[in-house]
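**Student:** For the sequence shown, position 133 matches number 330 in my numbering, and the numbering has no gaps at all. Even glycine gets a Cβ: it sits at the ideal position worked out from N, Cα and C.
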Amino acid sequence: MTDKELYLEAVRARKRAYAPYSGFLVGAALLTDQGKVYSGGNIENAAYSPSNCAERTAFFKAISEGERRFLAIAIAGGPADSEALDFCPPCGVCRQVMQEFCCGEEFRIIMGNREGVLRTLRLQDLLPLGFGAEQLRQSAEVHGKDGGEAE
Ligand code: THU
């Protein structure tokens, strides 16, 4: 699967997004290390806070199917009344979700614009010094596994 094909999957997923409140539709397509693609759109809610971003929809679909290893995610976002998409970087919460599964240098975040230009970023650049499992492991070493005070 090429980056362009993955991005087109994100564009397709964007058409199924549910965003009546913001009017901003986002699609994401997540590629596993086995070449499978999980796509998703943003899903909004009248109560606002239960809304979910496209990237997390794709991640949670994949994780709940047992997937754990990913190579790339493509993102396509823009106003509902326009096909003229611009680069849509993932929000901070989605970056944190990526950090959980995609800490490796190889994981790529692909965005596209209306001219069909693709831009690729690494999570390390979007979320430097991110909080992850490593911090909890270090904490467990210092405080003991029960989370109590150090001796
Ligand atoms: N949104 C995404 O789906 N992904 C992002 O990374 C940025 C924002 C959604 C959330 C909300 O439904 C709409 O775009 C406007 O913020």
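1. With a cut-off of 9 Å, does the C-beta of residue 332 fall near any C-beta of chain C?
2. Between 290, 309, 339, which lies nearest to residue 207 when the distance is taken from Cα to Cα?
3. With distances taken from CA atoms, which of 203, 220, 210, 217 is nearest residue 233?
4. Extract the residue ranges of the beta strand (DSSP E) inside the segment 250 to 325, only unbroken runs of 3 or more that lie entirely within it.
5. Under 9 Å between the Cβ atoms of residue 269 and residue 305?
6. Inspect the CB distances between the segment 284 to 293 and the segment 257 to 265 and report whether three or more fall short of 8 Å.
7. Check each candidate in 293, 258, 229 and name the one with the smallest Cα separation from residue 303.
8. Hey, could you find the ends of the beta strand (DSSP E) residue 236 is sitting in?
9. Please look up how many angstroms separate the CB atoms of residue 252 and residue 272, rounded, as I've assumed it's under 8 Å.
10. If we count Cβ pairs, one from each stretch, closer than 8 Å, do we get three or more for the segment 273 to 281 versus the segment 209 to 228?
11. Please state if the CB of residue 254 and the CB of residue 239 are separated by a distance shorter than 9 Å.
12. Any heavy atom of ligand 3 closer than 8 Å to the Cβ of residue 272?
13. Considering only C-alpha positions, which residue in the set 219, 301, 205, 336 is nearest to residue 325?
14. Give the secondary structure of residue 215 by DSSP, where H, G and I count as helix, E and B as strand, and everything else as coil.
**Tutor:** Reading off the structure:
1. Given the protein chain composition of this structure (a single chain), no chain C is represented.
2. 309
3. The shortest C-alpha separation from residue 233 is found at 203.
4. 267 to 276, 305 to 309, 315 to 319
5. yes
6. no
7. Nearest of 293, 258, 229 to residue 303, Cα basis: 229.
8. Residue range 234 to 238 is occupied by the beta strand (DSSP E) that includes residue 236.
9. 6 Å
10. yes
11. yes
12. Absent from the structure shown: ligand 3. Ligands present: ligand 1.
13. 301
14. strand
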